[in-house]
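Remarks on the structure that follows.
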Amino acid sequence: MLEGGGSVTIATTRPETMLGDTALAVHPGDERYAHLHGRRVVLPIQNKFLPVVTDERVERDFGTGAVKVTPAHDPVDFELGKKHGLEQVIVIDGEGRMTEAAGPDFAGLDRFAARAKVVERLRELGALVKIEDHDHAVGHCYRCKSVIEPHLSWQWFVRIKPLADEAIRVVEDGRIEFIPGNWAKTYFEWMYNIHDWCISRQLWWGHRIPAWYCRDCGRILVAMEAPEKCDKCGGPLDQDEDVLDTWFSSGLWPFGTLGWPDETDDLRTFYPTDLMSTGFDIIFFWVARMIMLGLKFRGEIPFRHVFINGLVRDLKRRKMSKSEGNIIDPLEMIDKYGTDALRFTLAALAVPGMDLALSEERTAGYQAFANKIWNASRFVLMNLKSERPEIREEELTLADRWIRSRLCAVTAQLDASLTEYKFYEAADLIYHFVWHEFCDWYIEFAKVGLREGRATTEAVLADALDRILRLLHPFMPFITEEIWQHLPGAGKSIVVAPYPKAEPAWRDEAAEKTIALVQAVIAETRTIRSGNRIPPKDKLRLFVRTAGPEETAALESQSAPVRTLAGLSSLEFVAALPADEGLLKGVAGPFEIGLVPDKPADPGAERDRLQKELAKLDAEAAKIERKLENADFVAKAPAAVVEENRARLGDLRARREKLGQNLARLSPAA
Numbered sequence: 001m002l003e004g005g006g007s008v009t010i011a012t013t014r015p016e017t018m019l020g021d022t023a024l025a026v027h028p029g030d031e032r033y034a035h036l037h038g039r040r041v042v043l044p045i046q047n048k049f050l051p052v053v054t055d056e057r058v059e060r061d062f063g064t065g066a067v068k069v070t071p072a073h074d075p076v077d078f079e080l081g082k083k084h085g086l087e088q089v090i091v092i093d094g095e096g097r098m099t100e101a102a103g104p105d106f107a108g109l110d111r112f113a114a115r116a117k118v119v120e121r122l123r124e125l126g127a128l129v130k131i132e133d134h135d136h137a138v139g140h141c142y143r144c145k146s147v148i149e150p151h152l153s154w155q156w157f158v159r160i161k162p163l164a165d166e167a168i169r170v171v172e173d174g175r176i177e178f179i180p181g182n183w184a185k186t187y188f189e190w191m192y193n194i195h196d197w198c199i200s201r202q203l204w205w206g207h208r209i210p211a212w213y214c215r216d217c218g219r220i221l222v223a224m225e226a227p228e229k230c231d232k233c234g235g236p237l238d239q240d241e242d243v244l245d246t247w248f249s250s251g252l253w254p255f256g257t258l259g260w261p262d263e264t265d266d267l268r269t270f271y272p273t274d275l276m277s278t279g280f281d282i283i284f285f286w287v288a289r290m291i292m293l294g295l296k297f298r299g300e301i302p303f304r305h306v307f308i309n310g311l312v313r314d315l316k317r318r319k320m321s322k323s324e325g326n327i328i329d330p331l332e333m334i335d336k337y338g339t340d341a342l343r344f345t346l347a348a349l350a351v352p353g354m355d356l357a358l359s360e361e362r363t364a365g366y367q368a369f370a371n372k373i374w375n376a377s378r379f380v381l382m383n384l385k386s387e388r389p390e391i392r393e394e395e396l397t398l399a400d401r402w403i404r405s406r407l408c409a410v411t412a413q414l415d416a417s418l419t420e421y422k423f424y425e426a427a428d429l430i431y432h433f434v435w436h437e438f439c440d441w442y443i444e445f446a447k448v449g450l451r452e453g454r455a456t457t458e459a460v461l462a463d464a465l466d467r468i469l470r471l472l473h474p475f476m477p478f479i480t481e482e483i484w485q486h487l488p489g490a491g492k493s494i495v496v497a498p499y500p501k502a503e504p505a506w507r508d509e510a511a512e513k514t515i516a517l518v519q520a521v522i523a524e525t526r527t528i529r530s531g532n533r534i535p536p537k538d539k540l541r542l543f544v545r546t547a548g549p550e551e552t553a554a555l556e557s558q559s560a561p562v563r564t565l566a567g568l569s570s571l572e573f574v575a576a577l578p579a580d581e582g583l584l585k586g587v588a589g590p591f592e593i594g595l596v597p598d599k600p601a602d603p604g605a606e607r608d609r610l611q612k613e614l615a616k617l618d619a620e621a622a623k624i625e626r627k628l629e630n631a632d633f634v635a636k637a638p639a640a641v642v643e644e645n646r647a648r649l650g651d652l653r654a655r656r657e658k659l660g661q662n663l664a665r666l667s668p669a670a
């Protein structure tokens, strides 16, 4: 009701807080309420006069455009009340019950009971216009689900702007770098709009607020050590029951764990550190606190890099949470798949700044990877003597030179990826190298050398496994330690063994090119065998149509391992493949090949095989074409990567043309 007659309608979702209202607010530009400026209204339940204030924070289009102001029970109203000097009346206590200030008819009632009684009283007074359903966000405790009531209370605050200004400066000038860099924007958004920090928490555990209150004179003492009595009147003291905000305590972590405030050797050695890895959701709550407190108490930044990892989510991209019930228990995953498989899964999914969708299927896949490492290591260890033989450079086979060259390249790439915190890229590199190059190819090549009694091949096997285990150790520490301890000459622990460095002298492009030709012929021969259900034990003739003289000579020099690994009785180089309709044809790199089956091939099965292979080629080529048509990729990707994709596309197109010709010859019309 208006003083002097008339009324104003307001809307509220919390009628019980009307008992603590101390003003009515309208937007200064809202012409509907221009006549109210400077006047007073009467709160009908209490017959209490409230001033009308104008404030630009009032939303004209929300509700009626006129809002009640309850400074003690709403954070926005609290700020508005401070600006206009409004009284702060606490009508709901910490137990959710109405206080004496709510009036004798409501004091002691639960807030929800008071809500119903206020609505009924408004109805009796004829002051209730209507009740309607309304969706709005109400804060709930994530544990007990109780409604959280904003409540004015005395708390301890830290004046934060002086600390924040310096913390902003060290990120702006590059002393602290965020990875990925875009998260610095999130940091700045928080820091430039920072408010004083409430460090009081009403919890049962934590560091107690170091403040004491004198029972006699009311003096407040803040001290490093607990005082025995009041330094003013000598009266007894009670310590504040609140504890420090968790993030205040956590903010001390970079130096609090190193013996601070004492100047310990650990503190001098390890502060500041290099890297802080954490989630984006606590950039302000933790990272900013550590920076501010580190600068304040140590006069130095706490770390140089902040790596922002993604949140672990479920397959529906929901944040994993105990309260949601969608958490994957890491202990259960470890029991089921092993610690190393889980660690590798997380590393492989850790794209900087992006959330990762964790699944059991992915972890099961990396459990298979761990088994692959174990089985490959067993083979190597079974073929090693008590002492490692010496590697004699002059006795290295082409395959030995190739694996050492690939080890050099992968070690350098891995080092670059880890330096840039691209853990997902590093995991992918070591995974494909170990599985597809060392296990699938080099071990097969080495078997030939071992059968021939080559001690240098044995030595290269041992050295390669040693380096692979050390490269893998950060990702899979347990299996690598266990295997490494069985290597001849292993040291105390792989943990303290030096991390491998690339050996530039090992790079051998000629060996890599030749082995690529060998792999192409063997792989294509195996594909033809599989597609035509030819048992691996059947030794067959293979014709290879010659290509360039260098490539042909390189492949001819490796005829023996090709025959062995492709299951051939003979390998014949010809200027043109025999015009034999029963020949099973394929394309291997620059070569066309023809496999002679023991019995006539089924043309229909061969057509199906070629059509499937062409479909795979088309899909891969389309993927690369889309990438190369993307202007951003061509402009931003390293030139070597772009060129590699173009070369790959050219190879695919050439291979497709040759396979298409072979398919045309098999078509019924032909």
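Per this note's numbering, the very first residue in the sequence shown carries number 1; after that it's consecutive. Even for Gly, the Cβ is constructed at its ideal location relative to N, Cα and C.
Residue i, buried or exposed, once every other Cβ within 10 Å from all chains shown has been counted against 16
i: C141; result: exposed
i: D238; result: exposed
i: G38; result: exposed
i: I148; result: exposed
i: E300; result: exposed
i: K331; result: With the sequence shown as reference, residue 331 is identified as Leu, and Lys is not the correct amino acid for it. Looking at its Cβ environment, which holds fewer than 16 other Cβ atoms inside 10 Å, L331 is exposed.
i: W441; result: buried
i: C727; result: It is not possible to answer for residue 727, since the shown part of the chain is limited to 1 through 670.
i: C198; result: exposed
i: N47; result: exposed
i: E524; result: buried
i: V544; result: buried
i: T269; result: exposed
Same chain only: Cβ atoms within 6 Å of residue i, ignoring 5 sequence neighbours per side
i: V448; result: P561 and T564
i: G5; result: none
i: E166; result: L295
i: P15; result: R115, V118 and V119
i: L614; result: L659
i: F433; result: V410
i: F248; result: I199
i: L221; result: W212 and P227
i: T552; result: T546
Beta-carbon proximity list for residue i, same chain, < 7 Å, skipping 5 on both sides
i: R655; result: V587 and L617
i: R388; result: A459, A462, P488 and G489
i: V642; result: V634
i: E625; result: L649
Selection from the options that minimises the alpha carbon distance to residue i
i: L293; options: A621, R159, F445 and F475; result: R159
i: L80; options: L396, E56 and E572; result: E56
i: G531; options: K612, L472, K117 and A137; result: K612
i: W154; options: N193, Q202 and V434; result: Q202
i: T339; options: R318, T363, A350 and G325; result: T363
i: A288; options: P272, G251 and F255; result: G251
i: I528; options: F478, T54, I593 and A455; result: I593
i: A399; options: C217, A446 and M18; result: A446
i: Y421; options: S386, D133 and P474; result: P474
i: P28; options: T12, R60 and D21; result: R60
i: R169; options: P500, A184, P180 and E644; result: A184
C-beta atoms of residue i and residue j nearer than 9 Å
i: M333; j: H305; result: no
i: E509; j: L407; result: no
i: L542; j: L571; result: yes
i: F178; j: Y192; result: no
i: V41; j: E87; result: no
i: I282; j: L244; result: no
i: R97; j: G65; result: no
i: A497; j: W506; result: no
i: L19; j: V52; result: no
i: A368; j: Y424; result: no
i: A455; j: E393; result: no
i: E360; j: K336; result: yes
i: A72; j: I90; result: yes
i: D355; j: G310; result: yes
Contact set for residue i: own chain, Cβ-Cβ below 8 Å, skip 5 residues either direction
i: I131; result: V119
i: A464; result: I403, R404, L407, F438 and Y442
- [ ] Taking only runs that begin and end inside the segment 548–618, name each unbroken alpha helix (DSSP H) of 4 or more residues, in chain order.
- [x] 549–556 and 559–566
Open item on the list: To test your reading of the DSSP string, which unbroken alpha helix (DSSP H) runs of 4 or more residues are found completely within the segment 419–461?
Closed with: 423–432 and 443–451
Task: alpha helix (DSSP H) segments (min. 4 residues) lying fully within the segment 235–307 - done: 246–251, 253–256, 265–270 and 288–298
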